[in-house]
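All residue numbers for the sequence shown refer to the UniProt record's numbering, where the first residue is 1 and numbers rise by one. Every residue gets a Cβ at the ideal spot worked out from N, C-alpha and C, and that includes glycine. Below is one structure, written out as structure tokens; the observations come after it.
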Amino acid sequence: MKNLYRFILLSIFTLYLSCSSKIDEKQIIGKYEIDKFVTRDTLVKAEEYRLLLINADKTFELKNNNTKTNSVGTWKSNKSENNNEIIIEFSFSNRKVKGILNGTIISFSYPNDLYKGRYSNLLYVKLRK
1 MKNLYRFILL
11 SIFTLYLSCS
21 SKIDEKQIIG
31 KYEIDKFVTR
41 DTLVKAEEYR
51 LLLINADKTF
61 ELKNNNTKTN
71 SVGTWKSNKS
81 ENNNEIIIEF
91 SFSNRKVKGI
101 LNGTIISFSY
111 PNDLYKGRYS
121 NLLYVKLRK
């Protein structure tokens with residue numbers, strides 16, 4: 001009987017670990033807006049977009065308010081070493097850029113910024129619906 005309890009406890013623990021290791025991508029999907037940034041190189045010429053829209057179909061769009069989409073690409077998520085963070089890899093224009101999602105904020109740090117090194121740090125904050 002004691003072995004049965006150990007087996008059940010081990011099974012529950014294993015199930016818990018396997019479920020908790022998955023990323024809930026629903027928390028990633030949404031509309032984000034630039035909040036804060038630190039400029040690194042003002043000479044870098046790159047189109048800037050106020051909004052980042054992350055879609056459920058694994059695509060994203062960079063655009064400005066009330067304008068057509070200016071840049072599109074795909075994204076995928078990966079677990080971070082820090083359990084509170086999710087690494088999001090954006091692919092577009094033959095580039096791959098990684099951002100870190102922590103709660104409702106996606107941060108980009110040089111050289112992983114969307115604007116070819118213009119910023120040393122860039123934050124996009126998720127907007128409420």
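Beta-carbon spacing of residue i, residue j below 9 Å
i	j	result
Tyr32	Lys116	no
Arg118	Asp35	no
Three-way DSSP call (helix, strand, coil) for residue i in this model
i	result
Glu25	helix
Asn78	strand
Asn102	strand
Asn64	coil
Asn121	strand
Cβ-Cβ separation, residue j to residue i (assumed contact under 8 Å), whole Å
i	j	result
Gly99	Phe92	Wrong, their Cβ atoms sit about 12 Å apart, outside the cutoff.
Nearest neighbour of residue i, chosen from the options [CA to CA]
i	options	result
Ile28	Tyr110, Gly103, Ser109	Gly103
heavy atom of the ligand PLP below 8 Å from residue i C-beta
i	result
Leu52	The model on display carries no ligand, and the ligand PLP is accordingly not part of it.
Touch test, the region 70-80 against the region 50-61, Cβ-Cβ under 8 Å, three pairs minimum:
Flag = yes, the region 70-80 and the region 50-61 touch.
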